[in-house]
Every structure is written in C-alpha cells, then in structure tokens.
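Since the structure comes first, as structure tokens, the remarks are kept for the end.
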Amino acid sequence: MRDYKNYHKFNPNQKISFDGRSIFERGLEGFQGEEVFVDGNSAKCLIQSKSNDGLFRYILAKPDEIKLGSVIDWDARKWLIVTQPYDNKIYKKAEMRLCNSSIKLSSGDIYVDTDKINEVTGKPIKKLVPGESIEIPCVFERTVSVNGSDQPINLPDGQAHITLPYSTNPQLKIGLKTQFYSEEYIVHDIDYSKVIDGVGTIKLIAKKKVSDNK
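In this note's numbering, the protein residues as written are 5 to 218.
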C-alpha cells in the first residue's frame, strides 16, 4: 500500500491538531463557553462538574491561559487551580477548588526612622509602616483527603491547612499569625512541594492559638 503521508507535504498530525483546536474554539464561543477572569485577565473557558457538593470543578482553557495556582473569578466566586494542568496541545484541563476564605497580608511594608535610639543596643529605632492591604484567596480546611478514598479524615485537634497561590510576600513565613472564622492561627510549617519554577500552590500548616488565660 502506498503511503501518502508526505504527498504535497501533508502532515496528518498537524491536521488533527488544527481540527481539534477549531472544535475547541467553537465550543468556547458556543453556549457552553464561560467568560472568566484568570489571574485578573479575561478569558473564555469551559467549566465542567466534578463533585456533587459543587466545591470542585474542571476547567478547560487554551494552553497559555491557566496554570497550577491560578485564581479563577467565575460564578461570582473565586476558585483556585489545585492540580497541574493536563496539556494535550489543544487545551489544558485542570481541577479547581472553591476558595472558602482569604488570607490578609500587606504589600510594600517599609521601616522608617523614629529619631530615637535604643538605649541597650545604641541602634536607631525604626517603625514599621504597613503597605497596601491585600487579600489572597485560599482554601481553609480542617480535614484531609486520602488517595483512593472519598472519606475525609480530620486533622489533629486545632490544626488547619491553608492552600493558596505561591507568593514571595515576606509575611508568608513560619510564625505568621492569621485569623479564620474569628479564631487566630499561627503558621508552624509551609509546604512548597507543589511549586515549580516559581509557579504553583503552597500549603500553610497552622495551629489554633491557645488562649493566654487557659
């Protein structure tokens, strides 16, 4: 049988990719296409159901539009992409989770002179002037899922996991005090295992602050 693969330099793989992209882009423009914001940038995506509780969804987008750690504004809520997107060269598909809280930080903090001297060290005393207040969407949870099981397991008493986009904000460090649902937590560890080349998500392992009068 004669092989026509190179006839007129015809490349079947390129045709498959072209046809696939055309079908996907028609889907984006059709009634299933959703107008969303990805990290503040407008984009057309497809959103699919994943769980019955509505806390997880699949997002399908053009290859250059989503990544692990992207924050999606959709359906008047914020969602966090929590898996490494699968890329088939036509579109990327990833799992996103509904953000149920946010962590409050400040950006651009500076220290200014107070014109006072520390009597013990002899060094100038500086005062912290907080910069712009920012809120980073996050997923706060007191349970964890075990691979192969849909049954969540409670974390040790008083412990919580906070998943958020990777950030170089200097306030994100061990010892950070933050508040969720009117309770104060202290960060005891930070998991960077899902960060690759400055892209991904981090997980804060925090413990509820024990009241001083107890």
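Idealized CB from N, CA, C, for every residue including glycine.
Whole-angstrom distance between residue j and residue i, CA atom to CA atom
{"i": "Asp-106", "j": "Lys-130", "result": "Per the sequence shown, the amino acid found at residue 106 is Ser instead of Asp. Going by the C-alpha atoms only, they are around 30 Å apart."}
{"i": "Asp-77", "j": "Arg-101", "result": "12 Å"}
{"i": "Tyr-62", "j": "Leu-159", "result": "26 Å"}
{"i": "Thr-147", "j": "Ile-157", "result": "5 Å"}
{"i": "Pro-67", "j": "Pro-174", "result": "31 Å"}
{"i": "Tyr-95", "j": "Leu-168", "result": "24 Å"}
{"i": "Leu-208", "j": "Ser-197", "result": "12 Å"}
{"i": "Val-40", "j": "Val-214", "result": "41 Å"}
{"i": "Leu-84", "j": "Ile-121", "result": "46 Å"}
{"i": "Phe-144", "j": "Thr-182", "result": "12 Å"}
{"i": "Thr-87", "j": "Glu-99", "result": "6 Å"}
{"i": "Thr-118", "j": "Gly-202", "result": "36 Å"}
{"i": "Ser-53", "j": "Cys-103", "result": "16 Å"}
Environment of residue i [buried if 16+ CB atoms lie within 10 Å]
{"i": "Thr-205", "result": "buried"}
{"i": "Tyr-90", "result": "exposed"}
{"i": "Ser-55", "result": "exposed"}
{"i": "Ile-140", "result": "buried"}
{"i": "Gly-3", "result": "Nothing about residue 3 can be reported from this structure: the residues present for the chain run from 5 to 218 only."}
{"i": "Lys-71", "result": "buried"}
{"i": "Gly-73", "result": "buried"}
{"i": "Ala-210", "result": "buried"}
{"i": "Lys-82", "result": "buried"}
{"i": "Ile-51", "result": "buried"}
{"i": "Ile-178", "result": "exposed"}
{"i": "Ile-200", "result": "exposed"}
For residue i, the residue or residues it bridges with in DSSP
{"i": "Thr-205", "result": "Pro-169 and Lys-198"}
{"i": "Gln-183", "result": "Glu-188"}
{"i": "Leu-220", "result": "The first residue shown for the chain is 5 and the last is 218, placing residue 220 beyond what the model contains."}
{"i": "Leu-50", "result": "Gly-37 and Leu-64"}
{"i": "Asn-158", "result": "Thr-147"}
{"i": "Asn-122", "result": "Per DSSP, none; premise fails for Asn-122."}
8 Å contact criterion, which residue i and residue j should meet: CB distance rounded
{"i": "Lys-108", "j": "Ser-137", "result": "7 Å"}
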